[in-house]
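Going by the working numbering, the sequence shown opens with residue 18, and the numbers climb by one from there. We put the CB at the ideal spot given by N, CA and C, even for glycine. Data first, discussion second: the structure below is written as structure tokens.
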Amino acid sequence: MKVSALVALLFVALSANALAQSPTPNKQATTTRPKSSVVAYDPLAESRRTTAVSLVSALADEARSFHDEMLRARVQARAADALWETDQERSRALFRRAWDAADLADKEIARKVEEDKRRQLATGNSVVLSRPANLRSEVLRLAAKRDRALGEEFLARLDEQRKQEERDAAATRLAGAQQPDKPAPNTPAGLTLEDNHRLELARQLLQGGDAERALQFAEPALQTVTRDSIFFLTDLREKTPDAADRIFSTLLARAAVDPSSDANTISMLSSYVLTPHLVITISPDGGFSTNSNGPSSPPENFPAALRLGFMQAAAQVLLRPPAPVDQDHTTGGRAATYFFIARLLPLFEQYLPVALAPLRAQLTALTPDVPQDVRGESRWLSEGIKPDDSARRDDLQDTLDKLSNAQTDEERDDRYAQAAMIAASRRDPRARDYAANVKDTNTREQLLPYIDYTFVVAAIEKKDVPEVLRIARNGAMTHLENVWALTEASRLSLKENRPLALDLLEEALQEVRRVDGSDSDRPRALLAVMTPLYELDAERVWSLMPDLVKAVNAASDFTGEDGRLGIKFRTKRQASLHTSTVDRFNLQPLFQLLARADMNRAVEIAKAFMNESPRASATLAVAAAVLAEPAPKPRAKS
Numbered sequence: 018m019k020v021s022a023l024v025a026l027l028f029v030a031l032s033a034n035a036l037a038q039s040p041t042p043n044k045q046a047t048t049t050r051p052k053s054s055v056v057a058y059d060p061l062a063e064s065r066r067t068t069a070v071s072l073v074s075a076l077a078d079e080a081r082s083f084h085d086e087m088l089r090a091r092v093q094a095r096a097a098d099a100l101w102e103t104d105q106e107r108s109r110a111l112f113r114r115a116w117d118a119a120d121l122a123d124k125e126i127a128r129k130v131e132e133d134k135r136r137q138l139a140t141g142n143s144v145v146l147s148r149p150a151n152l153r154s155e156v157l158r159l160a161a162k163r164d165r166a167l168g169e170e171f172l173a174r175l176d177e178q179r180k181q182e183e184r185d186a187a188a189t190r191l192a193g194a195q196q197p198d199k200p201a202p203n204t205p206a207g208l209t210l211e212d213n214h215r216l217e218l219a220r221q222l223l224q225g226g227d228a229e230r231a232l233q234f235a236e237p238a239l240q241t242v243t244r245d246s247i248f249f250l251t252d253l254r255e256k257t258p259d260a261a262d263r264i265f266s267t268l269l270a271r272a273a274v275d276p277s278s279d280a281n282t283i284s285m286l287s288s289y290v291l292t293p294h295l296v297i298t299i300s301p302d303g304g305f306s307t308n309s310n311g312p313s314s315p316p317e318n319f320p321a322a323l324r325l326g327f328m329q330a331a332a333q334v335l336l337r338p339p340a341p342v343d344q345d346h347t348t349g350g351r352a353a354t355y356f357f358i359a360r361l362l363p364l365f366e367q368y369l370p371v372a373l374a375p376l377r378a379q380l381t382a383l384t385p386d387v388p389q390d391v392r393g394e395s396r397w398l399s400e401g402i403k404p405d406d407s408a409r410r411d412d413l414q415d416t417l418d419k420l421s422n423a424q425t426d427e428e429r430d431d432r433y434a435q436a437a438m439i440a441a442s443r444r445d446p447r448a449r450d451y452a453a454n455v456k457d458t459n460t461r462e463q464l465l466p467y468i469d470y471t472f473v474v475a476a477i478e479k480k481d482v483p484e485v486l487r488i489a490r491n492g493a494m495t496h497l498e499n500v501w502a503l504t505e506a507s508r509l510s511l512k513e514n515r516p517l518a519l520d521l522l523e524e525a526l527q528e529v530r531r532v533d534g535s536d537s538d539r540p541r542a543l544l545a546v547m548t549p550l551y552e553l554d555a556e557r558v559w560s561l562m563p564d565l566v567k568a569v570n571a572a573s574d575f576t577g578e579d580g581r582l583g584i585k586f587r588t589k590r591q592a593s594l595h596t597s598t599v600d601r602f603n604l605q606p607l608f609q610l611l612a613r614a615d616m617n618r619a620v621e622i623a624k625a626f627m628n629e630s631p632r633a634s635a636t637l638a639v640a641a642a643v644l645a646e647p648a649p650k651p652r653a654k655s
């Protein structure tokens, strides 16, 4: 019995121990257990990761000798980002190296921008500056994503550089040097280069969901009313309305007492109140310009006190006595003042009636010096003011009615061009008929592709494949735009008609061959076809690789990561520009697919690119795709 008892006790103990080591199934525990980022040991996967790390490390070292300073900074920053999960210390060192390279590159870019500005001023033309690259903000964005402390370190460096620039500017003023004229606020020149950089980074942080840090970084650049500062505040208001309203209120107060504020200043401020993401400005000769970066529906539940503050500031600026015509140096002159008084009158009647009488008197006084086009312009007069479309005049018919008053062929062409653009924006098929009446060949050749592109975008939104194909095959778009349209039609057809999707990609390949062999649009167009084709026929894509290498090497300005589609129309009286990013025009999406299938083969193709930028872009895409895969579990020790 003692032996039996001991055996029984031993059995119970062993059972209890087994239960302790192997718990009974628990549904809740099973469903809440986090997925492991480590997979079972796989020698092939481990070899791929080792090769990817070596590729990135070698590329980062090679980047130090790149001829292009911008590329030098970008590649080292992206290499640091790719290596973060594997080697954080090396990654931090690369981020700092990238920062130093970006600092030098940004200074060189700023020098070239100033040279370009002085050259344009010397010719007597208006200054038109493109938005410069912002390399330090690119490095900062990647570093801050990986390491908050490192991001703060770079932020502190930027702040110190800004303070030094302010000290240098103050010293220059004390020395009596002449200050440059204030740039027009509706252009990128309305902000300093440093402030442009700050807002660009702040936008990226805001899009990433970090509104607090975005505001921290942007606030020094939010001291002046510009198109970009208002656009940022509009975006910020969607995340943190109280903070955005506070800064806007400060801008209002400053603008009201700033002697350089004018009607265009009020228009930009009105964007925040009335037409988010849309800014309207007018030049002294009455030319209209609009800038949009999103939907412009009036904001809901806008604070009444803040709206009243805007109306008071607007009245204060718009009622200033105008300078003599030959001494009026405001950005919009009398034309802008007249138009924006007329535009805001319904709001003054509703919210600040005490200002109505003096504003109407100002309107009457300005009338003789304002171009007829501005006095009769209705297209933007009620945008954001009268939400009921039925209360608005038919701007298309209004434009057509003015044809009888055209004195010259140029005025007549301008009326038809404006009518065509309005009709195109409404998807009205008469747009092409109006464009055909334009006599000037250059204007007509700009206008027809613009109309076709607008119609294709609408057809894609409606998933109207036959309409997309009709325009791509018979319209006036460029070869690259036709390739884009055909690949979009293929994408829309893929789910229900796979053979048609494949045929459309083959048709797009025929269009690619019509692009000039040395044009950078050729590799972009080829990539636009090969990337979606990989899902349908991978072997066909591999067979096209020699064509891609040849196209990339023949296009000296192809970088592999600047994939954009842009359509523009510009005359003396009006301008419109639409741009969008097209990832399929870049090397990264395709080479990520190739890397997952055959890493070594993809690396060999990347090495065949002769120019530094596409070779680096493809190599980083391959390595990043491999390093993004779950890390294999280390080999068990024997």
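- In this structure Val485 is buried. Its beta-carbon is surrounded by 16 or more other beta-carbon atoms within 10 angstroms.
- The alpha-carbon of Arg324 is positioned some 34 Å away from that of Glu183.
- Segment contact: the stretch 241–254 against the stretch 153–168, fewer than three CB-CB distances shorter than 8 Å; contact not assigned.
- Contact between Glu498 and Tyr470 holds, since their C-beta atoms are separated by about 6 Å, short of 8 Å.
- A distance of 9 Å or more separates the beta carbons of Ala94 and Leu76.
- Linking Val569 to Phe626 through their CA atoms gives a straight-line distance of about 7 Å.
- The residues Glu86, Arg89, Ala90, Gln93, in chain order, have a CB closer than 7 Å to that of Ala118 in the same chain once the five nearest residues on each side in sequence are set aside.
- Its Cα nearest to that of Pro276, the residue Val334 stands out among Val334, Leu553, Val455.
- Collapsing the DSSP output to three states places Ser300 in coil.
- Rounded to whole angstroms, Arg461 and Ala493 show a C-alpha spacing of 11 Å.
- For Lys567, the enclosing alpha helix (DSSP H) stretches over residues 562–571.
- Close CB contacts of Leu420 within its chain, under the 7 Å cut and outside five residues either way in sequence, are with Arg429, Arg432 (chain order).
- Collapsing the DSSP output to three states places Thr384 in a helix.
- The stretch 406–493 contains, as complete alpha helix (DSSP H) runs of 4+ residues, the segments 412–418, 426–442, 448–453, 458–478, 482–491 (chain order).
- One alpha carbon belongs to Asp564, the other to Ala80, and they sit about 27 Å apart.
- Under the three-pair Cβ rule at 8 Å, the stretch 251–260 counts as touching the stretch 284–294.
- Annotation: the continuous beta strand (DSSP E) that includes Ser306 extends over 305–309.
- Rounded to whole angstroms, the gap between the alpha carbons of Phe357 and Leu464 is 29 Å.
- Separation of Ala623 and Ala272 (C-alpha to C-alpha, rounded to the nearest whole angstrom) is 54 Å.
- In the structure shown, Phe365 adopts helical secondary structure according to DSSP, grouped into three states.
- The beta strand (DSSP E) runs of length 3 or more contained entirely in the stretch 240–272 do not exist; there are none.
- Sorting Asn318, Val156, Ile439 by C-alpha distance to the C-alpha of Ala99 places Val156 at the top.
- Secondary structure at Arg508: helix, using DSSP grouped into helix, strand and coil.
- With respect to Asp574, Ser537 sits close: the two C-beta atoms are nearer than 9 Å.
- Residues Ala272, Val334 of the same chain have their beta carbon placed closer than 6 Å to that of Ser278, with the five preceding and five following residues left out of the count.
- Sixteen is the threshold: when 16 or more other Cβ atoms of the shown chains lie within 10 Å of the Cβ of Thr636, as they do, the residue is buried.
- In the DSSP assignment, Phe602 falls outside any alpha helix (DSSP H), carrying neither H nor E.
- With a beta-carbon spacing of about 29 Å, Ser313 and Pro339 fall beyond the 8 Å limit used to define contacts.
- In this structure the stretch 591–602 lies against the stretch 540–549, because at least three pairs of beta carbons, one per stretch, are closer than 8 Å.
- With a threshold of 16 other beta carbon atoms within 10 Å, Pro375 falls short and is exposed.
- In the displayed model, His496 falls within a helix according to three-state DSSP.
- Residue state for Ser597 is assigned as strand, using DSSP reduced to three classes.
- In the DSSP secondary-structure assignment, Phe586 is bridged to Ser593.
- If you keep only unbroken alpha helix (DSSP H) runs of at least 4 residues inside the stretch 67–116, you get 86–100.
- Going by DSSP, Glu578 is part of no alpha helix (DSSP H) at all; its letter is neither H nor E.
- The residues Leu413, Thr416, Leu417, Tyr451, in chain order, have a CB closer than 7 Å to that of Ala436 in the same chain once the five nearest residues on each side in sequence are set aside.
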